[in-house]
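Take a look at the structure below.
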Amino acid sequence: MHRSPLDEPTAGPAVPTALRVVLAAVLVEVAALVAAGGFAIVELARGIGAVGVNLFLAAFAWGIAAVLFAATRGLRAGRRWGRSPVITWQLFQVVIAITWLQAAVNPFAIVLLVLALGIVVGLLLPSVVEATTRDARTPEA
Numbered sequence: 525m526h527r528s529p530l531d532e533p534t535a536g537p538a539v540p541t542a543l544r545v546v547l548a549a550v551l552v553e554v555a556a557l558v559a560a561g562g563f564a565i566v567e568l569a570r571g572i573g574a575v576g577v578n579l580f581l582a583a584f585a586w587g588i589a590a591v592l593f594a595a596t597r598g599l600r601a602g603r604r605w606g607r608s609p610v611i612t613w614q615l616f617q618v619v620i621a622i623t624w625l626q627a628a629v630n631p632f633a634i635v636l637l638v639l640a641l642g643i644v645v646g647l648l649l650p651s652v653v654e655a656t657t658r659d660a661r662t663p664e665a
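Heads up: the sequence shown begins at 525 in this note's numbering, then just goes up one per residue.
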């Protein structure tokens with residue numbers, strides 16, 4: 525039987541604290557993306573901005589949020605595939621923050637940069653790498 529990458533974690537090794545912190549930080553980003561998508565819909569309902577742009581922004585934000593949420597579930601279950609979308613999103617966040625900081629020093633850009641770098645560093649810690657490569661060591665049943 526084929527297992528879904530979103531399978532619930534099974535009884536196994538405990539989730540390291542560093543991974544819990546990384547997952548919590550990614551879930552903060554998920555919440556922010558859901559809120560941003562909602563804001564785009566509110567703007568649309570108020571007649572502010574172009575319909576297509578607001579619909580795209582909502583769909584994009586909610587799509588990225590869904591991918592990141594699925595990745596956190598995968599990482600929690602010890603699946604290595606979850607690292608790729610999370611790190612890719614963090615690299616985009618770093619580029620956005622650095623570009624933003626080049627225009628003007630903004631506390632939101634600093635928070636974005638620190639959060640993104642913290643998540644990447646956290647995902648690359650040996651304990652987190654070990655916890656998220658369980659699927660490579662356990663053969664499929």
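Don't be surprised by glycine CBs; every beta carbon is placed ideally from N, CA and C.
Along the alpha helix (DSSP H) that carries Val-539, what are the first and last residues, could you check?
Here Val-539 belongs to no alpha helix (DSSP H), and DSSP marks it neither H nor E.
Is the shortest distance between the beta-carbon of Trp-605 and the beta-carbons of chain C less than 9 Å?
The structure shown has no chain C; it contains just one protein chain.
Does the beta-carbon distance from Gln-626 to Ala-640 come in below 9 Å?
Ala-640 is positioned such that its CB atom lies no closer than 9 Å to that of Gln-626.
Please classify Ile-622 as buried or exposed, where buried requires at least 16 neighbouring CB atoms within 10 angstroms.
Residue burial annotation: Ile-622 is exposed, with fewer than 16 other C-beta atoms found within 10 angstroms of its C-beta.
Contact under 9 Å by Cβ, Thr-596 with Val-550
Going by C-beta atoms, Thr-596 is nearer than 9 Å to Val-550.
Where Gly-602 falls: helix, strand or coil (DSSP)
Of the three classes helix, strand and coil, the one that applies to Gly-602 here is coil, per DSSP.
Beta-carbon proximity check, Glu-567 vs Gly-576, cutoff 9 Å
Contact annotation: Glu-567 and Gly-576 have beta-carbon atoms that are not nearer than 9 Å.
Quick one: Cα of Gly-587 to Cα of Phe-593, how far?
Rounded to the nearest angstrom, the two C-alpha atoms are 10 Å apart.
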